[in-house]
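Engineer: First, the structure itself, so that you have it in front of you.
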Amino acid sequence: MHDIKSMHPEEIAAYFLSFGEPAYKAKQVFRWLSRGVRSFDEMTDISVKLREKLKQDCFLSAPGIKRKQISQQDGTIKYLWELKDGNAIESVFMRYEHGNTVCVSTQVGCGMGCVFCASSEGGLVRNLDASEILDQVIFTQSDTDRTVTNVVLMGIGEPLNNLDNVIRFLALINHKDGLNIGMRHITLSTCGIAERIDKLASYNLQLTLSISLHAPDDATRSLLMPVNKNSGIKKLLEACKRYVQKTGRRISFEYALIKGVNDSEWQAKLLYEEMAGVSGHINLIALNDVKDAEFKPGNVKRFASMLSELGANVTIRRRLGADIDAACGQLRKKLRSPSGKEERKVEP
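In this note's numbering, the protein residues as written are 203 to 550.
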């Protein structure tokens, strides 16, 4: 069956033409899909005949809310979505002065193995379809009754390891007849896979690329992020330079401060030197506490001060949703056991 929500309007039109329906009806259907209908029967301006055909040939992705947690600190909402195959993912709704943001997952689990991140626990299960990524935005918007203006691909998974579905998702969410969220309101975060950054650059999208750097030297970064062993920082930064040249877009470099690991004065100096010639800024993150983790937060203000004195362009990320394990590095893959019970629970 067709995953119709993952189809571009042009693809839906071609599908309709294949069995004698006019192409213009694709626009109507696409708009309904973007509104979050859970049944073809909700498409009231579509003929009964076409709705029956869609029921036969297509399916509608529609996750269920397994758990919803609301932060008592800042109103951030974390959703645990149950998918069609029994797996589950998390996404987060955040309110800012500039609009409402949804942080989406792109995979069930994550295979990157970053030692400070809860999302890697249990490894990678599978990629999400474009429709499953889109659903996180559509149904968050529906549940909160608030318009989503910004999207960050910073949830569970490595977006560049699911690039085909991610690119399709970006086209769908950006489409004028859909949610119409502009590329400059979308941020894609990656562990930094050099060859895939080049591939992303080839699409020349005007989104914001965010690189999870977390260390300026290969020894430390390889300790924290196994992906670094395959390329190294210099190769990564060369890919970043090519990305900037191709797209004209400044890059954000994420740096989570870990006490006694990546927060020394010499590392601040080396970070400043390595960033020379790369158009971007350093976004410092207070490492969020993950239960049983060996790493503890470093002094963000001290490190920011050292970088500022060197002349670096540096910011400190606002911390949201930490009381419901919704902050950076705290999202987890949830799997269902054969009995149907959740294997890991996070209590409100």
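Cβ atoms here follow ideal geometry from the backbone N, Cα and C, with glycine treated the same way.
Could you check whether the region 345 to 365 touches the region 316 to 334, counting it as contact only if at least three pairs of C-beta atoms, one from each stretch, sit closer than 8 Å?
Structural biologist: Between the region 345 to 365 and the region 316 to 334 there are three or more inter-stretch CB-CB distances shorter than 8 Å, so the stretches are counted as touching.
Engineer: Determine which residues share a DSSP beta bridge with Ser414 and list them.
Structural biologist: Along the sequence shown, read from residue 1 onward, the residue named residue 414 stands at position 212. Bridge partners of Ser414: Glu456.
Engineer: Looking at C-beta atoms only, is the number of pairs between the region 290 to 297 and the region 398 to 414 that lie closer than 8 Å three or more?
Structural biologist: no
Engineer: Between the region 379 to 391 and the region 339 to 356, are three or more C-beta pairs nearer than 8 Å?
Structural biologist: yes
Engineer: Can you tell me where the alpha helix (DSSP H) holding Glu511 begins and where it ends?
Structural biologist: For the purposes of this step, residue 511 is taken as the residue at position 309 of the sequence shown. Counting along the chain, the unbroken alpha helix (DSSP H) around Glu511 starts and ends at Val502 to Leu512.
Engineer: Given that a residue counts as buried once 16 or more other Cβ atoms are within 10 Å of its Cβ, and exposed if not, what is Glu244?
Structural biologist: Counted from its first residue, the sequence shown places residue 244 at position 42. Burial call: exposed.
Engineer: For Ser220, does the count of other Cβ atoms within 10 angstroms reach 16, so buried, or fall short, so exposed?
Structural biologist: One-based indexing of the sequence shown puts residue 220 at position 18. Burial call: exposed.
Engineer: Find the nearest neighbour of Ala458 within the set Cys442, Ser208 and Gly500, judged by alpha-carbon distance.
Structural biologist: What you label residue 458 is simply residue 256 of the sequence shown in a count that begins at 1. Considering only alpha carbons, the answer is Gly500.
Engineer: With Asn376 as the anchor, note down where its alpha helix (DSSP H) starts and where it stops.
Structural biologist: By 1-based counting over the sequence shown, the position of residue 376 is 174. In the DSSP annotation of this structure, the continuous segment of the alpha helix (DSSP H) that includes Asn376 starts and ends at Leu365 to Asn376.
Engineer: What's the C-alpha gap between Ala514 and His416?
Structural biologist: Here residue 514 refers to the residue found at position 312 of the sequence shown. Here residue 416 refers to the residue found at position 214 of the sequence shown. About 16 Å.
Engineer: Closer than 8 Å is the cut-off here; do at least three beta carbon pairs connect the region 378 to 389 with the region 421 to 434?
Structural biologist: no
Engineer: Return the first residue and the last residue of the beta strand (DSSP E) that Arg179 is part of.
Structural biologist: Lying outside 203 to 550, the shown extent of the chain, residue 179 is not represented and no answer is given.
Engineer: Are the region 257 to 264 and the region 272 to 282 touching, with three or more C-beta to C-beta distances below 8 Å?
Structural biologist: The answer is no - the region 272 to 282 does not touch the region 257 to 264, with fewer than three Cβ pairs under 8 Å.
Engineer: Less than 8 Å between the CB atoms is what I'm expecting for Leu486 and Val463, so what's the real figure, rounded?
Structural biologist: Translated into the one-based positions of the sequence shown, residue 486 becomes position 284. Translated into the one-based positions of the sequence shown, residue 463 becomes position 261. Their Cβ separation, rounded to whole angstroms, is 14 Å, which puts Leu486 and Val463 out of contact at 8 Å.
Engineer: Can you say whether Trp468 is buried or exposed, counting buried as having 16 or more other CB atoms within 10 angstroms of its CB?
Structural biologist: For this step, residue 468 is matched to residue 266 along the sequence shown. Counting the other CB atoms within 10 Å of its CB gives Trp468 a total below 16, which places it among the exposed residues.
Engineer: Report the residue from Gly266, Phe218 and Ala470 whose alpha carbon sits nearest the alpha carbon of Arg253.
Structural biologist: Numbered from its first residue, the sequence shown carries residue 253 at position 51. Nearest option by C-alpha distance: Phe218.
Engineer: Following the continuous alpha helix (DSSP H) through Cys305, name the residue where it begins and the one where it ends.
Structural biologist: As a first step, residue 305 must be located in the sequence shown, where it is residue number 103. Counting along the chain, Cys305 falls outside any alpha helix (DSSP H), though it belongs to the beta strand (DSSP E) covering Gly301 to Cys305.
Engineer: How many angstroms separate the CA atom of Gly324 from the CA atom of Gly315?
Structural biologist: Position 122 of the sequence shown, counted from the first residue, corresponds to residue 324. Position 113 of the sequence shown, counted from the first residue, corresponds to residue 315. In a straight line, the C-alpha of Gly324 is about 9 Å away from that of Gly315.
Engineer: Give the DSSP-derived three-state secondary structure of Pro361 in the structure shown.
Structural biologist: The residue you call residue 361 lines up with position 159 of the sequence shown. Here Pro361 sits in helix by DSSP.
Engineer: What is the rounded straight-line gap between the Cα of Thr187 and the Cα of Val231?
Structural biologist: This structure cannot speak to residue 187, because the chain is shown only from 203 to 550.
Engineer: For Ala565, tell me which candidate among Asp420, Leu409 and Leu489 has the shortest Cα-Cα distance.
Structural biologist: Only positions 203 to 550 of the chain appear in this structure, which leaves residue 565 out of reach.
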